[in-house]
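Quick notes on the structure that follows.
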Amino acid sequence: MTIDNIIQWFQSWFPVNVMVLFITSVLIAAVVIFAIMAVNALVAVYAERKISAFMQDRVGPMGQGPGLHAGKWGLLQTIADTIKLILKEDIIPKAADKKLFIIAPFIIFLGAFIALAAMPFGPYLIASDMNIGIFYILAVSSFGVIGIILAAWSSDNKWSLYGGMRSAAQIISYEIPAALSLVSVLLLTSTLSMQGIIQSQAGTVWGFLPNWNIFNNPFSFLAFFIYFIAGVAETNRTPFDIPEAESELVAGFHTEYSGMRWAFFFLSEYGNMLVVCGLTVVAFLGGWQSPIAGVMEGAWWGLFWFLTKLTATIFIMIWFRWTFPRLRVDQLMNVAWKILLPIALFNLFGVAIWTLLVG
Amino acid sequence: MGLVHAEEMTLNIGPQHPSTHGVLRLKVKTDGEIISEITPVIGYLHRCFEKHCENLSYEQVIPFTDRCDYIAAMNNSFGYVLAVEKLMDIQVPERVEYIRVIMAEYNRIASHLLALGTFGLDVGAYTPFLYMFRDRERILDLFEITCGARLLYNYMWVGGVSHDLPLGFMEASYRFLDEFEKNINEYHNILSYNKIFIERSADVGIMPKDVAIDYGVTGPNLRGSGVKWDLRKDEPYSIYNRFKFDVPVGTGIMGSVGDCWDRYWVRAEEMQESIKIIRQALDKIPREGNVHEALPKKVRPPKGSIYFRTESPRGDLGYYIISDGTPTPLRVKMRSPAFTALSALSEIATGWMLSDVLVILGSLDIVLGEIDR
Amino acid sequence: MIINQKVSDILEVKFPGVVILPDEPHNDFIQIHPEKWKEIAKFIKTDSELKFDSCQCITGVDLGIEDGLEVRYNFHSMQLKHKIEIRIAVERKNPSIPSIEQVWRGANWLEREVYDMYGIRFKGHRDLRRMLLPDDWKGWPLRKDYKTPNIYNGMKIPKVRKGWD
Amino acid sequence: MTNIVFWFFVIMTITAALMVVLSKNLIYAAIALLVTFLGVAAMYVFLWADFIAGTQVMIYIGGILILLLFGIMLTHKITSVRISHTNVQRGVGALIVAAIFVGLVWMINFTPWLKVTTQEPLQTVHSIGTLLMTDFLLPFEVASVLLLGALIGAAVLARKET
Chain A
0 MTIDNIIQWF QSWFPVNVMV LFITSVLIAA VVIFAIMAVN ALVAVYAERK ISAFMQDRVG
60 PMGQGPGLHA GKWGLLQTIA DTIKLILKED IIPKAADKKL FIIAPFIIFL GAFIALAAMP
120 FGPYLIASDM NIGIFYILAV SSFGVIGIIL AAWSSDNKWS LYGGMRSAAQ IISYEIPAAL
180 SLVSVLLLTS TLSMQGIIQS QAGTVWGFLP NWNIFNNPFS FLAFFIYFIA GVAETNRTPF
240 DIPEAESELV AGFHTEYSGM RWAFFFLSEY GNMLVVCGLT VVAFLGGWQS PIAGVMEGAW
300 WGLFWFLTKL TATIFIMIWF RWTFPRLRVD QLMNVAWKIL LPIALFNLFG VAIWTLLVG
Chain B
0 MGLVHAEEMT LNIGPQHPST HGVLRLKVKT DGEIISEITP VIGYLHRCFE KHCENLSYEQ
60 VIPFTDRCDY IAAMNNSFGY VLAVEKLMDI QVPERVEYIR VIMAEYNRIA SHLLALGTFG
120 LDVGAYTPFL YMFRDRERIL DLFEITCGAR LLYNYMWVGG VSHDLPLGFM EASYRFLDEF
180 EKNINEYHNI LSYNKIFIER SADVGIMPKD VAIDYGVTGP NLRGSGVKWD LRKDEPYSIY
240 NRFKFDVPVG TGIMGSVGDC WDRYWVRAEE MQESIKIIRQ ALDKIPREGN VHEALPKKVR
300 PPKGSIYFRT ESPRGDLGYY IISDGTPTPL RVKMRSPAFT ALSALSEIAT GWMLSDVLVI
360 LGSLDIVLGE IDR
Chain C
0 MIINQKVSDI LEVKFPGVVI LPDEPHNDFI QIHPEKWKEI AKFIKTDSEL KFDSCQCITG
60 VDLGIEDGLE VRYNFHSMQL KHKIEIRIAV ERKNPSIPSI EQVWRGANWL EREVYDMYGI
120 RFKGHRDLRR MLLPDDWKGW PLRKDYKTPN IYNGMKIPKV RKGWD
Chain D
0 MTNIVFWFFV IMTITAALMV VLSKNLIYAA IALLVTFLGV AAMYVFLWAD FIAGTQVMIY
60 IGGILILLLF GIMLTHKITS VRISHTNVQR GVGALIVAAI FVGLVWMINF TPWLKVTTQE
120 PLQTVHSIGT LLMTDFLLPF EVASVLLLGA LIGAAVLARK ET
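For the protein sequence lines, the chains are A, B, C and D, in the order given.
Going by numbering that gives the first Met the number 0, the residue at position 16 of the first sequence is 15; the numbering climbs one at a time, nothing skipped.
Going by numbering that gives the first Met the number 0, the residue at position 203 of the second sequence is 202; the numbering climbs one at a time, nothing skipped.
Going by numbering that gives the first Met the number 0, the residue at position 162 of the third sequence is 161; the numbering climbs one at a time, nothing skipped.
Going by numbering that gives the first Met the number 0, the residue at position 6 of the fourth sequence is 5; the numbering climbs one at a time, nothing skipped.
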């Protein structure tokens, strides 16, 4: 369901100006992506609350009925949270740089939002299947850093500035191992298109395992872990949450934000999780491919498999968050530059040789 | 090269900050992430404890001692009543002695659980904190069935305790101890042996032996530096000489002696030792006895003064009490262990990174109520 | 206690006349003159027989309006496991005592606290500021002659004592 | 349709570029630079050079602009002084700009542009890769050696003298 498809479909019904059609279909795609992000945030926040609660021997949100409380088993908790955030007072500090303070959350949001345009949710479900899909996602996710830096700087708060500086250093550093491990996947798939990458992972390997890149060869198996660790770091989540580090920096770059603007940070954090996990699924876990070749395939099954894998990876991220302590800023850099980067380089080399020798 | 000078930035950590463990303010000078100077500013929680004591009778002081160190209220009032009893030369019944030891050790466990949990929070681990609160909650339940309070008990009285042990306390105690002993392993699995946790705490904030002694640091912080000094063992008060237990000291398993991990580890081990003491006390406690037997009609110690130390979860808790023969003390001075521990902070935490300073602060296990009094 | 006698004897030999002999026999503490306090402190910290390496507690005392102020030090030896109490009396007007902050680093804050509450100046203390009270506080609250002010920084101090005594 | 979008991006790029030069606030200039980079990336897309467009976004926005912002923030006091810059020596500047402008116009008019209508290439990345590894291997390697030198130099400069 790319934008081009929508245009064609429209054209067969309403033969109007192509410009109008183009704008309409882009808007439709944008609304769908926004809806996906919002639903993801709703579900993931609820899941995060519940999973953390179960991990910590608590029950989590447990409303006793609609109306007064947050629904049965707290199901309406996130919605209540959202309403609360929307209704909250929007505070802009006096010393803050007002314009930048206002646009910064939207820039962060933009990074996750436009990255999802190239995310294939199913065999036919992608806003735009570009030639350079994976490269595009890597490129536009850097908007997030700029947003964080601007938010940190414009708040005029020392804690925020610390958070922004840490975040910029962290994300730039971790982009390198992440990109290198993705490059080793590209060597196997020899395409940058997201759908192309998924299609190349069809079939089986060694007779029983699905031919996903993670199982393709030992090096790509390693690359999966490098990418996932770097991806967790790029989303600023524990154990790499030093930019917000509530026990050190109060709340890091969003210390001064409140209400709706803060909600946008939240939304984009979960959006970033979606991007990183989606990219993991596409690059390593076969995207919408069924785990057993030839069984349960098709458009809707594709969507099902993609969402299942996405949920599993997001769950792992949540699991990380509630299990691990936080790294220190220099240790974080050491992990990126002294551990992940050399392994990723070696790995790239290994994949290259493997593709030459084994094929 | 060398022409660009980094400008130092002054940063106020606190008085309102998530990990200052109360209302503490640290004025720090930072060069990037490195902290080059730390000045703790205290007194935000000053409640004139010592001034109050001069206007209260001896029994009325007990609730105030509870409020000084609200995490280990039992131990604090324990020290105070022992000092007053010594001044008045009161012998308390056997059963009271055992009850007091049981309560003090339970409160030691509860306090250490909070210390370890919040230390985990400072490092960024959220889950262990709640695990530890789960067990702390059960100790507080035990206190609640005994004296009705969960935080500030006013349980220790001069010459006795306020309530006898309730029915079912022994069974609940044994049940709790059995389960808690297993849970300690759970903490070790999720926190103590976690690689990231070790990276964050081992070899960080090393407090050498001589520095610790020079600053008068005591308790688990001193033992973490490898000094085997525990008042319960070395200068036994109450009936501590009847129990068999070890004094764990930091040995630098993960890094060097006296680092944050060692201080953490000493507390974790001390919980085991406290369990041992409680078990022995529960086994040996006289089944019958009136806990109000030795309560004096009037608490009016003779003229004199005493400096009495007990081992609170945070270290040597000293009470300097001067009596002039009237029903109100002339002077009650509390030597708070967290006060001296905090005074050593700027010595051991300077030169570390911002994140480390808060970890070191967390490893010292301070309670601002006790520091500011 | 034997250690008090021992310290007293050693000090009498090393610093003659510094120990104030008691009117009535006691063995809880030793009372000394403030003059050579810093040297004595250095001596008892390092002397091989005494080795009081830990300054446990410094207590300021106001014995009453007629009597003077006193500072009481509790020392402890982590190596030899013995302890001692040393008392130094100062006059009420302009009280001052040599600081031992540079002998035991732990004495720094403890002395500041005594200064904060009693206004006893510790000569040679490098950072003698208020410890627990605000920097602009007037007076020395734990002295017996302290009067609670009516106004602090323009705020009225309430003195309701209903429901108390 | 394409025309409208094209002109939209052109105007956006030029406006943003003007803001970079004219804005007194360095941070605002940096943000305008972000928009400029985006506009340039859009230009590449119109030239069917999607890979180059992606590279533009990745390197210039994801790398260089962030370093710029980083530098601006770290080199100034954050609290009291507002970050700004002023123009000096406008006359000389105007002269140089005029000269460059004339030169550019002259160059654009007199370059024999290749005016052939081609189809949109299906796989740009593939051909770029092949060309880099065959015809343009030497420039490619020279460029990487240069960058490596810059990298080592930066590391040496950044290292504190001990």
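For every residue, glycine included, the Cβ atom is placed at its ideal position computed from N, Cα and C.
- When C-alpha distances from Ala111 of chain A are compared across A:Glu268, A:Gly293, A:Leu356 and A:Asp240, the shortest belongs to A:Glu268.
- Counting the other Cβ atoms within 10 Å of the Cβ of Asp140 of chain B gives fewer than 16, which makes it exposed.
- Assignment of Trp156 of chain B by DSSP, reduced to helix, strand and coil, places it in the strand class.
- Residues of the same chain with a CB within less than 6 Å of the CB of Met155 of chain B, apart from the 5 flanking positions on each side, are Ser76, Phe77 and Val80 in chain order.
- Per DSSP, Leu329 of chain B lies in no beta strand (DSSP E) segment and is marked neither H nor E.
- In this structure, Leu341 of chain B lies away from Pro127 of chain B, with their beta-carbon atoms at least 8 Å apart.
- Straight-line spacing of the CA atoms in Met11 of chain D and Tyr226 of chain A works out to 36 Å.
- With respect to chain B, the C-beta atom of Asn107 of chain C has a partner C-beta closer than 8 Å.
- Here the region 237-251 of chain A makes no contact with the region 279-293 of chain A; the two share fewer than three CB pairs at distances below 8 Å.
- DSSP places Ala95 of chain A outside both helix and strand once states are collapsed to three, so it counts as coil.
- When C:Lys80, C:Val70, C:Trp36 and C:Val60 are compared, the shortest CA-CA separation from Phe51 of chain C is found for C:Lys80.
- In summary, no residue of the region 312-343 of chain A has a CB separated from any CB of chain D by less than 8 Å.
- Residues of the region 295-309 of chain A with a C-beta atom less than 9 Å from some C-beta of chain D do not occur.
- For Asp52 of chain C, the nearest beta carbon of chain B is closer than 8 Å to its own beta carbon.
- The Cβ of Phe348 of chain A sits no closer than 8 Å to any Cβ of chain D.
- Per DSSP, Gln200 of chain A is not a residue of any beta strand (DSSP E), being assigned neither H nor E.
- Leaving aside the five residues that flank Phe218 of chain A on each side, the residues in its chain whose CB is nearer than 7 Å to its CB run, in chain order, Ser183, Asn346, Gly349, Val350 and Trp353.
- Proximity of Leu23 of chain B to chain A, defined by a Cβ-Cβ separation below 8 Å, is not satisfied.
- Here Met36 of chain A is not near Asp128 of chain A, since their CB atoms are 8 Å or more apart.
- In this chain, the beta strand (DSSP E) harbouring Glu36 of chain B covers Ile33 to Val40.
- Residue burial annotation: Gln90 of chain B is exposed, with fewer than 16 other C-beta atoms found within 10 angstroms of its C-beta.
- Leaving aside the five residues that flank Ile2 of chain C on each side, the residues in its chain whose CB is nearer than 7 Å to its CB run, in chain order, His81 and Ile83.
- Contact residues of the region 122-137 of chain B toward chain A are Val122, Gly123, Ala124, Tyr125, Thr126, Leu129, Tyr130 and Arg133 (C-beta to C-beta distance below 8 Å).
- Here Gln118 of chain D is exposed. Its C-beta has fewer than 16 other C-beta atoms within 10 Å.
- The three-state reading of DSSP puts Met169 of chain B in helix, counting H, G and I together.
- If the five residues before and after Gln78 of chain C are omitted, its C-beta is found closer than 7 Å to the C-beta atoms of Lys50 and Asp52, all from its own chain and listed in chain order.
- Less than 8 Å separates the beta-carbon of Lys44 of chain C from that of Trp103 of chain C.
- Listed by position along chain D, the residues whose Cβ is nearer than 9 Å to that of Ile148 of chain A are Ile65, Leu68, Phe69 and Met72.
- Using a Cβ-Cβ cut-off of 8 Å, Leu353 of chain B counts as an interface residue toward chain A, since at least one Cβ of chain A sits closer than that to its own.
- Look at Ile145 of chain A: its C-beta is under 8 Å from a C-beta on chain D.
- From the beta-carbon of Gly215 of chain B, no residue of chain A is found nearer than 7 Å; the closest lies around 28 Å away.
- The beta-bridge partner set that DSSP reports for Asn11 of chain B consists of B:Lys26.
- Taking C-beta atoms under 8 Å as the contact rule, Leu248 of chain A and Trp158 of chain A qualify, at a distance of about 5 Å.
- With a beta-carbon spacing of about 15 Å, Lys37 of chain C and Ile119 of chain C fall beyond the 8 Å limit used to define contacts.
- Counting C-beta atoms within 10 angstroms of its own C-beta, Tyr318 of chain B has 16 or more neighbours from the protein chains shown and is therefore classed as buried.
- Put simply, the backbone Cα of Pro33 of chain C is about 22 Å away from that of Arg330 of chain B.
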